[in-house]
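Engineer: Structure in structure tokens, see below.
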Amino acid sequence: MASNLKSARQAIEAELAHAKQGAAYYAARVEALETALQQLESVEGGGATSPRAASTQASAGSLKRGGARTRRRMRAASTNGNGASLANGGAPKRSRKARAASSANRADDSLFTGGDFWLSLVSEQPRSAVDIANAAIETLGIAPDQKDKIQKLKQRVSPALAGLVSAHKINDSGAGRERRFFKGGQAGTH
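Residues 1 to 190 (the UniProt record's numbering) make up the sequence shown, in order.
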């Protein structure tokens, strides 16, 4: 029976590690896509080609070698069968006014946590995720009354730290609320 429990524990730990790695990957992917979208919107505002046209041109160039069959598959995969693009969930294209409003909100968002932001908050002294989140709030200069920004930032802490641990850029020790993150030294145990 102890063998079964040990086996079950190992399976759950492996699944948990896999889920954390996936969450960190998607968190990083979301940030990269948001950055790319902001860059495209700034280019679009300058009178350059639209993001959709640029995307179409780029994909057409990469599909030349694939032939007609590949292009048909790509076109079928990018629509819902009725010709509506899945890029925006099959919804109608948003108006210029709506796009401008959302980009203004995004430009106001001072929560850029890309690059080495989280890594810079981890020191050789072990710190909890809560301590690191508080340091991030202080670093970004978020006021206590900006609860929505604080909530967004706190949602990014765990996936970011898990990604850094998975990439072996930082170490951790403990589990749950006792988990601490630090640079250097021996890799921690869970």
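Cβ atoms here follow ideal geometry from the backbone N, Cα and C, with glycine treated the same way.
This structure is a prediction, so every number in the text was calculated from the model and none was measured.
Give me the Cβ distance between residue 195 and residue 27, rounded to the nearest whole Å; I'm assuming they're in contact under 8 Å.
Structural biologist: Here the chain comprises residues numbered 1 to 190, so residue 195 is not present and cannot be evaluated.
Engineer: Look at the alpha carbon of residue 129 and the alpha carbon of residue 181, and state the distance between them as a whole number of angstroms.
Structural biologist: 7 Å
Engineer: Identify every residue that forms a DSSP beta bridge with residue 127.
Structural biologist: Beta-bridge partners assigned by DSSP to residue 127: 181.
Engineer: What residues match up with residue 172 in a beta bridge as DSSP calls it?
Structural biologist: For residue 172, the pairing in a beta bridge is given by DSSP as 181.
Engineer: If you draw a straight line from the alpha carbon of residue 215 to that of residue 112, how long is it in whole angstroms?
Structural biologist: Nothing can be reported for residue 215, as the shown portion of the chain is limited to 1 through 190.
Engineer: Which whole-angstrom value is the C-beta distance of residue 137 and residue 150, which I expect to be below 8 Å?
Structural biologist: 6 Å
Engineer: Please determine, among 25, 8 and 13, the residue with the shortest C-alpha to C-alpha distance to residue 162.
Structural biologist: 25
Engineer: In its own chain, which residues sit with a C-beta less than 6 Å from the C-beta of residue 156, not counting the 5 before and 5 after it?
Structural biologist: 113
Engineer: Taking the alpha-carbon positions, what's the residue 40 to residue 32 distance?
Structural biologist: 12 Å
Engineer: Quick one: Cα of residue 5 to Cα of residue 36, how far?
Structural biologist: If you draw a straight line from the Cα of residue 5 to the Cα of residue 36, it comes to about 46 Å.
Engineer: Quick one: is residue 16 buried, meaning 16 or more other Cβ sit within 10 Å of its Cβ, or exposed?
Structural biologist: exposed
Engineer: Report the three-state DSSP secondary structure of residue 148 (helix, strand or coil).
Structural biologist: It is helical.
Engineer: In angstroms with no decimal places, state the Cα-to-Cα distance between residue 116 and residue 122.
Structural biologist: 10 Å
Engineer: Under 6 Å Cβ to Cβ from residue 126, same chain only, skipping five residues before and after it: list those, please.
Structural biologist: 180 and 182.
Engineer: Taking DSSP as the reference, what is the three-state secondary structure of residue 22?
Structural biologist: Correct three-state label for residue 22: helix.
Engineer: So, helix, strand or coil for residue 27, using DSSP?
Structural biologist: helix
Engineer: For the alpha helix (DSSP H) containing residue 117, list its first residue and its last residue.
Structural biologist: 117-121
Engineer: Taking only three categories from DSSP, how would you classify residue 167?
Structural biologist: coil
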